[in-house]
Amino acid sequence: MPATPDAPGSDLDTRGEWTCPGISPHPVRAASGRRALDWEASPPGPYRVLEHTCACRAVYFELIACGGTYMIHKVIQGRPAEHAFAGRWTHREARETWLRLLTGQAR
Ligand SMILES: [Zn+2]
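Counting in our numbering, the sequence shown runs from 64 upward without gaps.
Have a look at this one:
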């Protein structure tokens, strides 16, 4: 019998609920000397998602634009999911913090 192509979710190493599409970045483990962000429970208003990390992880992050400022939205997946927001930065500051988050220098 010929081998069948991998069906989605057939990989035994996959721990999430679906196979990682491998498109969005996965933040590296936070470094010990990382900058601690100030997290708050809710955003100041409606927001728009600019970037996001891969949702195959239990915790994923979004870079968001919210009322003229920029923030990072943290989502801890679960039932119910937990949300936290940090920032109110300028676009430039937010991009810099986003990069730090991805490289484990801020969390
Ligand atoms: Zn992934």
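Even for Gly, the Cβ is constructed at its ideal location relative to N, Cα and C.
Work out the CA separation of residue j and residue i for me, nearest whole Å.
| i | j | result |
| --- | --- | --- |
| Leu-100 | Lys-137 | 11 Å |
| Arg-92 | Trp-102 | 18 Å |
| Asp-74 | Cys-119 | Residue placement at Asp-74 is flagged as unreliable, the pLDDT there being 42, under the threshold of 50; the coordinate-derived value follows with that caveat. If you take the alpha carbons of Asp-74 and Cys-119, they lie about 14 Å apart. |
| Val-112 | Gly-167 | 21 Å |
| Gly-131 | Gly-108 | 10 Å |
| Pro-68 | Ile-86 | Low per-residue confidence applies at Pro-68: pLDDT is 47, beneath 50, and the placement is therefore not dependable enough to give any value. |
| Trp-161 | Ala-128 | 12 Å |
| Cys-83 | Trp-152 | 30 Å |
Give me the DSSP bridge partner(s) of residue i.
| i | result |
| --- | --- |
| Tyr-123 | Val-138 |
| Cys-129 | Thr-132 |
| Arg-111 | Ala-128 |
| Ala-169 | Arg-98 |
| Glu-103 | Phe-148 |
Can you tell me whether residue i sits near ligand 1, meaning its C-beta is under 7 Å from at least one heavy atom of the ligand?
| i | result |
| --- | --- |
| His-115 | no |
| His-89 | yes |
| Cys-129 | no |
| Gly-85 | yes |
What are the start and end residues of the beta strand (DSSP E) that includes residue i?
| i | result |
| --- | --- |
| Ala-149 | 145-152 |
Just to confirm my understanding: we take residue i, look at its own chain, exclude 5 residues before and 5 after, and list those with CB closer than 6 Å. What are they?
| i | result |
| --- | --- |
| Ala-121 | Gln-140 |
| Pro-163 | Per the sequence shown, residue 163 should be read as Arg rather than Pro. Ala-169. |
| Glu-145 | Ile-139 |
| Glu-114 | Leu-126 |
For residue i, which residues of its own chain have a beta-carbon under 7 Å away from its beta-carbon, when the five flanking residues on both sides are left out?
| i | result |
| --- | --- |
| Pro-88 | Thr-116, Cys-117 and Leu-165 |
| Arg-98 | Arg-163, Gln-168 and Ala-169 |
Skipping 5 residues on each side, what residues in its chain have a beta carbon closer than 8 Å to that of residue i?
| i | result |
| --- | --- |
| Ser-105 | His-146 and Phe-148 |
| Pro-143 | none |
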